[in-house]
Amino acid sequence: MQSISLAIADRKTKMAQGEVPQFGYPVPGPQDIRPDDIMNDIFFLNDKEWDVERRKGNFDYVIIGSSFCALAFVDQALKNNPNAKIMIIERGTYYHPEHFQNLPPPFVMTMDGIGETFPWRITKKTHEGQYIKWQHGVNNFFGGKSTFWSGWCPEPTDEEMEEWPKETKKVVHKYFPAVKQLLNVIPADQISKTEQGKDTIYGALQSDIQERLKDISSKISTITRWMPAPLAVEAHMYRNINFKKFSVPGPLLSKLYSLSVGQEKASIKDSTMKIVINCVVKMIHHKEGKAVVLETSKGDFVLGNAKVILAMGALPPTTLMLNSFSKHDFPSMINIGERFTAHFISSIFARVPANTFCNYRKFGNMEMSANYIAGRDLSSTSQFHIQLSAIYDNTPKKNLFDFIRHLPDVVAAPTMQQLLTSTDHVIFVCTVLGELDYDNDQNWFRKNEDDDVTTNVTLQVVANSKDNKVWETMEESSFQMLDILAPSGLEYWHTHGGSSGDWAKGRPTVDMIRAPCIVHEASTMRLGKDTGSPVDLDYRFKGVDNVYLTGASLWPSGGSWNPTGAISAIAMHLADLICPKVN
3 MQSISLAIAD RKTKMAQGEV PQFGYPVPGP QDIRPDDIMN DIFFLNDKEW DVERRKGNFD
63 YVIIGSSFCA LAFVDQALKN NPNAKIMIIE RGTYYHPEHF QNLPPPFVMT MDGIGETFPW
123 RITKKTHEGQ YIKWQHGVNN FFGGKSTFWS GWCPEPTDEE MEEWPKETKK VVHKYFPAVK
183 QLLNVIPADQ ISKTEQGKDT IYGALQSDIQ ERLKDISSKI STITRWMPAP LAVEAHMYRN
243 INFKKFSVPG PLLSKLYSLS VGQEKASIKD STMKIVINCV VKMIHHKEGK AVVLETSKGD
303 FVLGNAKVIL AMGALPPTTL MLNSFSKHDF PSMINIGERF TAHFISSIFA RVPANTFCNY
363 RKFGNMEMSA NYIAGRDLSS TSQFHIQLSA IYDNTPKKNL FDFIRHLPDV VAAPTMQQLL
423 TSTDHVIFVC TVLGELDYDN DQNWFRKNED DDVTTNVTLQ VVANSKDNKV WETMEESSFQ
483 MLDILAPSGL EYWHTHGGSS GDWAKGRPTV DMIRAPCIVH EASTMRLGKD TGSPVDLDYR
543 FKGVDNVYLT GASLWPSGGS WNPTGAISAI AMHLADLICP KVN
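For the numbering used here, count along the sequence shown from 1 and bump the result up by 2.
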């Protein structure tokens with residue numbers, strides 16, 4: 003509270019000095035105040051302050067993006083050096099204060115794709131593909147995708163990190179406990195344990211599903227492992243709340259606030275960490291292998307001796323590097339954008355009578371379950387995983403708020419029609435993600451001749467026979483798993499175009515369950531010791547002294563697992579490498 007009081011006192015001082023109207027004296031105050039104005043007044047740099055800071059050249063670290071990786075880097079860097087001078091440059095605006103699932107139910111409509119932008123061109127070959135037709139976009143907001151993500155956060159095994167340097171695999175495992183603590187990750191079977199040891203929403207049904215999954219890998223040859231879903235939802239800081247989806251804005255602003263208190267600053271913005279929003283980094287200008295200036299939409303930013311950290315997803319930093327460093331002058335970057343992988347998706351909805359479960363009499367009005375099941379196609383060895391959610395809701399309209407808040411995966415959730423027709427059933431939702439072949443030379447992300455350097459790139463994604471085989475395998479594995487979970491009474495949702503459909507006993511067709519989009523893009527700027535990798539094992543671009551990369555574009559391969567935990571682990575390691583501990 004100290005820094006908040008200081009901020010109020012600072013504003014009153016400005017009012018007394020006539021810098022702003024004082025409660026309507028001598029003139030009316032501003033009438034068109036926007037959220038950005040308020041946030042810029044308290045947390046972010048306004049245009050005048052930015053104009054001063056961008057010329058100084060005295061920051062230690064300049065982070066482009068306000069993502070999970072930005073938070074992980076900042077968290078670790080400030081542990082090592084609480085006085086580190088950090089600038090965070092976010093191209094987007096301030097939007098949600100936290101994950102939309104933690105907000106009232108109508109906010110669920112804000113994740114309907116309208117907030118996505120697509121800063122690339124898709125080839126005709128991709129657009130006319132049989133199943134894959136487009137790549138999910140980016141969310142240009144403070145906190146990035148974190149206010150919309152599913153929250154699934156598994157730790158990959160060594161075998162699942164194919165072609166990764168052994169040193170990097172060790173990094174992921176070493177830092178993953180810290181990542182789970184930072185992101186509030188908890189296994190689904192521990193979510194609803196109260197102080198009295200009683201189960202609530204993730205209780206009786208979760209136990210039943212786990213019992214039925216117990217020997218799944220011995221029954222289905224393509225399944226390699228399973229576990230209660232590791233979800234970033236722990237709410238230990240909040241009384242009477244046991245499920246709260248994690249997002250970046252609150253924790254990152256809390257770092258800023260705590261820093262100002264610890265440094266006894268008069269204002270939050272006087273701390274050694276600064277944040278600016280609505281500022282697009284267009285180019286990195288360099289001299290003799292060192293980045294010296296960032297060209298931004300708000301003027302040039304002088305880097306001085308700062309280290310630049312790209313923490314802006316996978317494809318936007320690829321665009322930035324393609325425009326900033328020519329492959330002729332930097333031959334180590336010749337392969338940037340030449341490798342691309344992602345995850346393709348199938349969604350299967352099924353149901354079974356609730357009274358077929360052992361714990362049925364222990365069910366409350368609403369029960370949920372979340373489990374993570376990993377697998378491989380035996381012929382291609384490509385990976386897939388099933389995000390298995392199970393939901394029982396006997397009064398859907400009454401439970402709407404709790405239903406939306408506690409969903410393990412909102413992107414693939416039952417519709418109200420499915421819920422209302424299944425009040426005496428358990429609904430299974432299988433979101434199945436498969437690994438796009440990272441060796442397919444038909445997939446790439448390349449610079450084109452457009453004038454806008456923030457969007458002058460083209461993406462091509464073409465599924466090959468290997469991808470199609472994995473897709474078939476992961477769907478068949480899901481159907482086999484559902485047969486084991488529900489040996490009798492199983493029905494599937496059959497769509498009739500749009501969102502309408504009905505329940506029927508036969509399996510749905512491929513066209514009913516395959517999504518036209520891909521997610522979790524990766525591998526455009528992979529790290530490695532070999533000459534074909536543009537990034538070294540210290541996450542620095544080869545041939546450049548002071549530009550470092552975080553995020554999934556680093557990965558030699560993307561597997562099928564959800565990426566957030568691993569990218570955060572690597573960002574923490576980067577902080578330890580370039581921001582050493584001080585006494």
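Just so it is clear, CB atoms sit at the ideal spot from N, CA and C, and this is done for glycine as well.
request  = Apply the 10 Å Cβ neighbour rule to Met591 and answer buried if 16 or more other Cβ atoms are within range, or exposed otherwise.
outcome  = Past the edges of the chain, shown from 3 to 585, lies residue 591, and the structure says nothing about it.
With 16 other Cβ atoms within 10 Å as the buried cut-off, status of Pro565 = The residue you call residue 565 lines up with position 563 of the sequence shown. By the 10 Å Cβ count, Pro565 comes out buried.
ask   = Tell me the DSSP bridge mates of Ser68?
value = Along the sequence shown, one-based indexing puts residue 68 at 66. Per DSSP, none; premise fails for Ser68.
ask   = How far does the alpha helix (DSSP H) with Gly436 in it reach, from first residue to last?
value = Within the sequence shown, the letter at position 434 stands for residue 436. Run containing Gly436: none in the alpha helix (DSSP H); it sits in the beta strand (DSSP E), 427-437.
inquiry  = Assuming contact is defined by CB atoms lying nearer than 9 Å, are Leu324 and Ile338 in contact in what I supplied?
reply    = Residue numbering aside, residue 324 sits at position 322 when the sequence shown is read from its first letter. Residue numbering aside, residue 338 sits at position 336 when the sequence shown is read from its first letter. Yes, the Cβ-Cβ distance between Leu324 and Ile338 is below 9 Å.
ask   = Which first and last residues belong to the alpha helix (DSSP H) in which Phe346 is found?
value = By 1-based counting over the sequence shown, the position of residue 346 is 344. Run containing Phe346: none in the alpha helix (DSSP H); it sits in the beta strand (DSSP E), 343-355.
request  = Could you please give me the residues that DSSP links to His287 through a beta bridge?
outcome  = In the sequence shown, counting from the first residue as 1, residue 287 sits at position 285. Looking at the DSSP assignment, His287 forms a beta bridge with Val295.
ask   = Hey, quick one: how far does the alpha helix (DSSP H) through Ala573 stretch, first residue to last?
value = Within the sequence shown, numbered from 1, the residue matching residue 573 stands at position 571. Taken as a continuous stretch (DSSP letters only), the alpha helix (DSSP H) holding Ala573 covers 566-580.
inquiry  = Which of the three DSSP states is assigned to Glu251 in this structure?
reply    = Numbered from its first residue, the sequence shown carries residue 251 at position 249. Glu is not the amino acid found at residue 251; the sequence shown has Pro there. Helix, per DSSP.
query = Can you list, in chain order, the residues of its chain whose CB lies under 7 Å from that of Leu402, leaving out five sequence neighbours each side?
reply = Here residue 402 refers to the residue found at position 400 when the sequence shown is read from its first residue. Answer for Leu402: Pro107, listed in chain order.
key: Cα-Cα separation between Gln419 and Ala293, rounded to whole angstroms   = Start at 1 with the first residue of the sequence shown, and residue 419 comes out as number 417. Start at 1 with the first residue of the sequence shown, and residue 293 comes out as number 291. Straight-line Cα distance between these residues: approximately 55 Å.
query = Sorted by chain position, which residues of the same chain lie with C-beta nearer than 7 Å to Thr224's C-beta, five sequence neighbours on each side aside?
reply = Position 222 of the sequence shown holds residue 224. Contacts found: Gly377, Arg378, Asp379, Leu380, Thr475, Ser479.
query = Lys400 and Asn367: beta carbons closer than 9 Å?
reply = Looking up residue 400 in the sequence shown gives position 398. Looking up residue 367 in the sequence shown gives position 365. Closer than 9 Å, so yes.
ask   = Quick one: what's got a C-beta closer than 8 Å to Glu169's C-beta in the same chain, skipping five residues either side?
value = Position 167 of the sequence shown, counting from 1, holds the residue named residue 169. Within its own chain, the residues whose Cβ lies closer than 8 Å to the Cβ of Glu169, once the five positions on either side in sequence are excluded, are Leu539, listed in chain order.
query = Ordered along the chain, which non-local residues of its own chain (more than five positions away) have a Cβ less than 6 Å from that of Glu197?
reply = Residue mapping note: residue 197 aligns to position 195 of the sequence shown, counting from 1. Note on Glu197: pLDDT 39, under 50, position unreliable in the model; no value is reported.
ask   = By a C-beta neighbour count over all protein chains shown, 10 Å radius and 16 as the cutoff for buried, is Ile486 buried or exposed?
value = Here residue 486 refers to the residue found at position 484 when the sequence shown is read from its first residue. Looking at its Cβ environment, which holds fewer than 16 other Cβ atoms inside 10 Å, Ile486 is exposed.
task = Could you check if Gln4 is buried or exposed, using at least 16 other CB atoms within 10 Å of its CB as the buried criterion?
result = To locate residue 4, count along the sequence shown from 1; it is residue 2. Any reading at Gln4 must be qualified, since the residue scores a pLDDT of 44, below 50, and its modelled position is unreliable; no value is offered.
request  = Locate the alpha helix (DSSP H) running through Phe386, then write down its first and last residues.
outcome  = Reading the sequence shown from its first residue, position 384 is the one you call residue 386. Premise fails: Phe386 lies in the beta strand (DSSP E), 385-395, not in any alpha helix (DSSP H).
key: For Asn48, the three-state DSSP class (helix, strand or coil)   = What you label residue 48 is simply residue 46 of the sequence shown in a count that begins at 1. Three-state DSSP puts Asn48 in coil, outside helix and strand.
ask   = At a cut of 8 Å, does the stretch 93-102 reach the stretch 248-267 through at least three beta carbon pairs?
value = yes
key: Residue environment, Gly567, which counts as buried when at least 16 other CB atoms sit within 10 Å   = Here residue 567 is taken as the residue at index 565 of the sequence shown, counted from 1. With 16 or more other Cβ atoms within 10 Å, it is buried.
query = Is it right to say Leu461 is buried, meaning 16 or more other beta carbons lie within 10 angstroms of its own, or is it exposed?
reply = Here residue 461 refers to the residue found at position 459 when the sequence shown is read from its first residue. The residue in question, Leu461, is buried, as its Cβ has 16 or more Cβ neighbours within 10 Å.
key: DSSP three-state assignment for Asn373, whether helix, strand or coil   = Stepping through the sequence shown from its first residue, residue 373 is reached at position 371. Asn373 falls in the strand class under three-state DSSP.
query = Considering only C-alpha positions, which residue in the set Asn361, Lys87, His345 is nearest to His522?
reply = Counting from 1 along the sequence shown, the entry for residue 522 is found at position 520. Considering only alpha carbons, the answer is His345.
task = Quick one: which unbroken beta strand (DSSP E) runs of 3-plus residues sit fully inside the stretch 212-283? Chain order, please.
result = 225-230, 232-234, 275-278
request  = Please check the pair Phe327 and Tyr494, which I expect to be a contact at CB under 8 Å, by giving their CB distance rounded to whole angstroms.
outcome  = The residue given as residue 327 occupies position 325 in the sequence shown. The residue given as residue 494 occupies position 492 in the sequence shown. Phe327 to Tyr494, Cβ: 50 Å. No contact.
ask   = Counting along the chain, where does the beta strand (DSSP E) carrying Glu493 start and finish?
value = As a first step, residue 493 must be located in the sequence shown, where it is residue number 491. It spans 493-497 - the beta strand (DSSP E) in which Glu493 sits, taken as one unbroken run.
task = Tell whether a beta-carbon distance below 9 Å holds between Ser256 and Gly146.
result = The sequence position of residue 256 within the sequence shown is 254, counting from 1. The sequence position of residue 146 within the sequence shown is 144, counting from 1. No, they are not a contact pair.
ask   = Is it true that the CB of Ile347 sits closer than 9 Å to the CB of Ile569?
value = Locating residue 569 in the sequence shown gives position 567, counting from the first residue. Locating residue 347 in the sequence shown gives position 345, counting from the first residue. No, the Cβ-Cβ distance between Ile569 and Ile347 is not below 9 Å.
task = Label Cys432 either buried or exposed according to how many other C-beta atoms from any shown protein chain fall within 10 Å of its C-beta, with 16 as the threshold for buried.
result = For the purposes of this step, residue 432 is taken as the residue at position 430 of the sequence shown. Buried, because 16 or more other Cβ atoms sit within 10 Å of the Cβ of Cys432.
query = Comparing alpha-carbon positions, which option in Leu556, Lys449, Asp411 lies nearest Tyr440?
reply = Position 438 of the sequence shown, counted from the start, is the residue given in the question as residue 440. Ranked by Cα distance from Tyr440, the options Leu556, Lys449, Asp411 are led by Leu556.
request  = Locate the beta strand (DSSP E) running through Gln462, then write down its first and last residues.
outcome  = Residue mapping note: residue 462 aligns to position 460 of the sequence shown, counting from 1. Element bounds for Gln462: 459-462.
message = Let me check understanding here. Comparing Cα to Cα, which of Asp532, Phe75, Leu576 lies closest to Leu184?
response = Position 182 of the sequence shown, counted from the first residue, corresponds to residue 184. Closest by alpha carbon: Phe75.
Euclidean distance between Cα positions of Lys50 and Pro416 = Residue numbering aside, residue 50 sits at position 48 when the sequence shown is read from its first letter. Residue numbering aside, residue 416 sits at position 414 when the sequence shown is read from its first letter. If you take the alpha carbons of Lys50 and Pro416, they lie about 48 Å apart.
query = By how many angstroms is the C-alpha of Trp154 removed from the C-alpha of Pro28?
reply = For the purposes of this step, residue 28 is taken as residue 26 along the sequence shown, with counting starting at 1. For the purposes of this step, residue 154 is taken as residue 152 along the sequence shown, with counting starting at 1. Each residue's alpha carbon lies about 54 Å from the other.
task = Measure the alpha-carbon distance for Leu73 versus Ile311 and round it to whole angstroms.
result = Within the sequence shown, numbered from 1, the residue matching residue 73 stands at position 71. Within the sequence shown, numbered from 1, the residue matching residue 311 stands at position 309. Near 12 Å, if we compare the C-alpha coordinates of Ile311 and Leu73.
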